[in-house]
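Engineer: Pasting a structure here, questions to come.
Numbering (the UniProt record's numbering), first residue to last: 1 to 784.
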């Protein structure tokens with residue numbers, strides 16, 4: 001496959017110079033640790049086992065007394081430093097392993113540390129058994145158990161959601177809030193050490209949430225349950241209330257090490273400080289440039305102000321990246337250096353070579369998916385790569401709609417590390433889809449129940465009335481029975497009549513026009529007027545899902561075809577989700593950037609790197625929104641500044657996941673509007689994104705009459721592959737395309753196609769994997 005769709009600099013770059021990191025010095029422990037050094041034998045043994053440390057790593061491993069902040073840049077070998085320092089304390093300093101405590105955030109990381117410490121030279125199995133290498137929750141749960149706490153850990157998310165739904169139903173708040181949002185709010189208060197009775201109650205929404213959570217917490221007390229946050233809260237209270245117990249921990253755990261320190265929340269940090277208080281023999285390892293979990297309470301200020309808490313602290317920077325080549329590391333450096341509130345550091349690289357990031361500027365998200373997957377298939381079919389080499393990263397889960405659909409259509413093996421919920425199944429999108437379903441089949445009772453809240457009618461009351469009236473006199477459109485529901489006012493009856501008329505008209509409309517009309521008539525106002533939804537989800541985040549639904553519907557001529565496509569995609573998704581294995585195996589990995597932190601992949605494809613997506617529209621509007629998600633706002637100057645710095649850190653994390661290849665895609669049009677290349681990319685090339693001086697408008701949306709993607713393309717001077725073929729296009733465009741033999745689905749509205757494989761040459765037709773209709777031989781224009 002040719003490289004015509006890929007460029008060496010992003011579209012709109014102010015300069016052509018490609019950022020490149022300097023190569024690190026080749027000096028290692030072999031040269032630094034001399035034969036006469038008292039610890040030479042330890043480092044020689046490490047070297048014999050393939051562990052060769054650089055100067056900064058050696059300084060961190062040798063650190064003995066007092067607080068130490070180890071700034072560990074991306075791919076700089078921080079885990080090796082932690083385990084080698086543990087080995088150093090045991091082998092060289094002869095520290096009792098019972099005095100060592102390593103804390104991290106995942107069971108997998110803790111197990112990896114124990115396993116790697118166990119194979120260090122000179123370490124006895126008994127040493128590994130005696131030292132503590134645990135997650136925060138595991139360590140403090142063990143403490144609670146030893147102090148007689150017998151509360152059962154309640155970690156079954158599904159049962160938690162059922163309980164909260166039941167409580168809301170009993171309070172007359174059915175479907176008022178999403179259970180996961182309530183649990184997130186509860187967790188936020190606990191990790192900030194705010195008691196539930198002290199939660200704010202200035203508005204109706206705040207009072208409702210407080211009431212629900214108070215009842216939820218009381219239920220746990222009555223049933224002797226605790227969740228993971230409770231483990232840390234109870235441990236904190238216990239240590240505060242039992243000074244003798246705290247002194248016992250302080251005397252025992254003299255050497256404390258904390259991994260991924262940038263992810264520490266207020267509660268975790270307070271617990272660490274309490275135990276480390278008398279001696280301050282505390283080593284923390286982290287990277288302020290990778291603080292991306294502020295919504296979970298993580299604060300970069302703990303790294304930035306470490307010396308204020310511990311004035312005697314040493315600071316060591318691990319600045320050599322062992323993961324990526326000079327150009328990937330260089331791009332990361334150029335992106336992150338524009339953050340104002342960070343520890344100054346510029347990463348060096350050890351991998352030389354000219355391979356660097358490549359940039360795409362497709363027309364739309366659907367074109368983005370097509371071009372990217374053409375490349376992946378080509379690389380796999382030519383045996384250069386496997387599907388398991390690839391990770392597709394994105395800012396928000398709503399960004400993956402086009403990619404997921406294309407993966408399913410082409411039957412490319414993939415694994416999505418998310419909630420497994422498709423756009424069409426989301427609670428905010430489903431009512432619009434169900435209106436379309438009612439337009440085709442007015443006796444669809446499941447869809448009927450879904451639309452009742454948009455008429456401000458309680459689901460149970462409305463459906464009970466409809467079912468009761470249907471038993472007396474059945475109607476073609478049972479929703480009409482709502483007109484006889486008792487207690488309705490004249491304006492409510494008028495709204496029901498309008499809605500009935502609208503539903504009857506939907507079946508003859510183009511699906512995108514139908515969705516735009518519903519949004520204009522009632523749905524935008526419905527979701528924006530719901531303070532309960534706006535409390536837990538940004539208005540822009542709600543809007544972008546609805547925009548994505550419209551964007552998806554643009555491809556279909558009829559409501560029937562669009563709904564058939566949705567049905568097939570959901571069915572296909574359920575089949576793919578039947579494999580419960582979380583291991584990637586030989587599958588393309590899809591995940592948000594947040595989920596990718598700490599991971600690495602041979603090839604990373606970062607999609608939707610545009611204004612309004614990365615940085616996200618919610619960050620661009622953070623100053624206007626009532627948002628408390630950015631605890632560093634005071635330090636950064638404003639919520640907007642703090643939000644943009646965190647978005648830039650997200651871009652940095654995505655870039656630094658790539659080991660060998662990095663592809664960054666910035667669609668020219670996004671959900672019906674022109675989209676600017678992300679300012680984070682342009683700033684790395686000496687430029688600035690369009691419109692960054694004012695509030696970005698890339699996500700702005702006209703309500704109805706949206707022109708088709710093809711019309712928009714013509715207006716902006718772009719053209720899809722099909723349009724270029726029809727119009728003849730320019731000579732350059734023609735050279736960038738090639739025509740390939742393809743199976744093309746004949747089903748109405750279905751866009752599925754796939755290349756004809758060599759083994760299929762004898763077939764006259766085949767069934768479409770998406771809709772089941774016949775696929776006939778044809779051709780497609782694709783990038784060379």
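From the three backbone atoms N, C-alpha and C, an ideal C-beta is built for every residue, glycine too.
Everything numeric in this text was worked out from a predicted model, so none of it was measured.
(1) Can you tell me where the alpha helix (DSSP H) holding residue 208 begins and where it ends?
(2) Can the beta-carbon of residue 337 be found closer than 8 Å to that of residue 99?
(3) Enumerate in chain order the residues of its own chain whose CB-to-CB distance from residue 47 is below 7 Å, with the five nearest sequence positions on each side excluded.
(4) Helix or strand or just coil, what does DSSP make of residue 52?
(5) If we count the other Cβ atoms within 10 Å of its Cβ and call it buried at 16 or more, is residue 491 buried or exposed?
(6) Just checking: is the beta-carbon of residue 184 within a distance shorter than 8 Å of some beta-carbon in chain B?
(7) Determine the direct distance from the alpha carbon of residue 608 to that of residue 402, and round the result to whole angstroms.
(8) Could you check whether residue 372 and residue 665 sit closer than 8 Å to each other, using their CB atoms as the reference points?
(9) I'd like to know if the segment 214-228 and the segment 163-170 are in contact, where contact means that at least 3 CB-CB pairs between them fall below 8 Å.
(10) Taking the alpha-carbon positions, what's the residue 269 to residue 79 distance?
(11) In the DSSP assignment, find the beta strand (DSSP E) that holds residue 562 and state where it starts and stops.
(12) Skipping 5 residues on each side, what residues in its chain have a beta carbon closer than 8 Å to that of residue 170?
(13) Taking 8 Å as the limit between beta carbons, can you name the residues of its chain near residue 23, skipping five residues before and five after?
(14) Given residue 45, which residues of its chain have a CB within under 6 Å of its CB, disregarding the five upstream and five downstream residues?
(15) Could you check how far apart the C-beta atoms of residue 416 and residue 590 are, in whole angstroms? I think they sit under 8 Å.
(16) So residue 331 packs on residue 542, CB below 8 Å; how close in whole Å?
(17) Does the beta-carbon of residue 126 have 16 or more other beta-carbons within 10 angstroms, so that it is buried, or is it exposed?
(18) Where do the ends of the beta strand (DSSP E) carrying residue 103 lie?
(19) Applying the 10 Å Cβ sphere with the 16-neighbour rule, what's the burial state of residue 200?
(20) Any idea what DSSP makes of residue 602, helix, strand or coil?
(21) Give me the Cα-Cα distance between residue 91 and residue 71, rounded to the nearest whole angstrom.
(22) Helix, strand or coil: which one does DSSP assign to residue 199?
(23) Is residue 92 helix, strand or coil by DSSP?
(24) Here's the rule: buried if 16 or more other CB atoms are within 10 angstroms of the residue's CB, otherwise exposed. What is residue 475?
(25) How is the beta strand (DSSP E) around residue 274 delimited, first residue to last?
(26) Check whether the Cβ atoms of residue 511 and residue 430 sit closer than 8 Å, and answer yes or no.
(27) Using beta-carbon positions only, say whether residue 284 and residue 141 come within less than 8 Å of one another.
(28) In chain order, which alpha helix (DSSP H) runs of at least 4 residues are fully inside the segment 405-456?
(29) Between which residues of its own chain and residue 499 is the CB-CB distance below 7 Å, once the five residues before and five after are set aside?
(30) Using a Cβ-Cβ cutoff of less than 6 Å, which residues in the same chain neighbour residue 130 once the five nearest sequence positions on both sides are dropped?
(31) If distances are taken between C-alpha atoms only, which option among 322, 344, 774 comes closest to residue 57?
(32) Can you have a look at residue 139 and say buried or exposed, based on whether 16 or more other CB atoms are within 10 angstroms of its CB?
(33) Alpha helix (DSSP H) containing residue 333: first to last residue?
(34) With distance defined between alpha-carbon atoms, name the residue in 176, 465, 620 nearest to residue 487.
(35) Could you give the DSSP three-state label for residue 339: helix, strand or coil?
(36) Return the bridge partner residues of residue 780 from the DSSP annotation.
Structural biologist: Let's see:
(1) Residues 204-222.
(2) Contact flag unset, no.
(3) Sequence-distant partners of residue 47 (beyond 5 residues in either direction) whose C-beta falls short of 7 Å from its own C-beta, in its chain, are 29, 30.
(4) The answer is coil: DSSP assigns residue 52 none of H, G, I, E or B.
(5) By the C-beta density criterion, residue 491 is exposed, having fewer than 16 other C-beta atoms within 10 angstroms.
(6) The structure shown contains no chain B, having only a single protein chain.
(7) Distance between the alpha carbons of residue 402 and residue 608 is about 11 Å.
(8) Using a Cβ distance threshold of 8 Å, residue 665 and residue 372 count as a contacting pair.
(9) Note that the segment 214-228 touches the segment 163-170; at least 3 beta-carbon pairs, one per stretch, sit closer than 8 Å.
(10) Roughly 20 Å separates the two Cα atoms.
(11) For residue 562, no beta strand (DSSP E) segment is defined; the enclosing uninterrupted segment is the alpha helix (DSSP H) at 559-576.
(12) Counting only Cβ-Cβ distances below 8 Å, and skipping sequence neighbours, we find nothing.
(13) The answer, listed in chain order, is 326, 348, 349, 350, 352.
(14) For residue 45, where only same-chain residues beyond five positions count, the Cβ hits under 6 Å are 121.
(15) Confirmed, Cβ separation roughly 5 Å.
(16) The pair is not a contact, with the Cβ atoms about 33 Å apart (cut-off 8 Å).
(17) Classification for residue 126: exposed.
(18) Residues 100-104.
(19) Looking at its Cβ environment, which holds fewer than 16 other Cβ atoms inside 10 Å, residue 200 is exposed.
(20) Residue 602: strand per DSSP, three-state reduction.
(21) Linking residue 91 to residue 71 through their CA atoms gives a straight-line distance of about 25 Å.
(22) DSSP places residue 199 in coil when its eight states are reduced to three.
(23) Shown here, residue 92 sits in coil according to DSSP, grouped into three states, outside any helix or strand.
(24) So residue 475 ends up on the exposed side.
(25) Looking at the DSSP string, residue 274 is not in any beta strand (DSSP E); the run it does join, the alpha helix (DSSP H), is 266-276.
(26) Contact flag unset, no.
(27) Residue 141 is positioned such that its CB atom lies no closer than 8 Å to that of residue 284.
(28) Counting whole runs of 4 or more residues, the segment 405-456 contains the alpha helix (DSSP H) stretches 430-440, 445-451.
(29) Counting only Cβ-Cβ distances below 7 Å, and skipping sequence neighbours, we find 455.
(30) 97, 98.
(31) A check of alpha carbon separations from residue 57 across 322, 344, 774 identifies 322 as the nearest.
(32) By the 10 Å Cβ count, residue 139 comes out buried.
(33) Unbroken alpha helix (DSSP H) run through residue 333: 326-336.
(34) When each option's Cα is compared against that of residue 487, the closest is 465.
(35) In the structure shown, residue 339 sits in coil (DSSP, three-state: anything other than H, G, I, E or B).
(36) The partner list for residue 780 (beta bridge, DSSP) reads 740.
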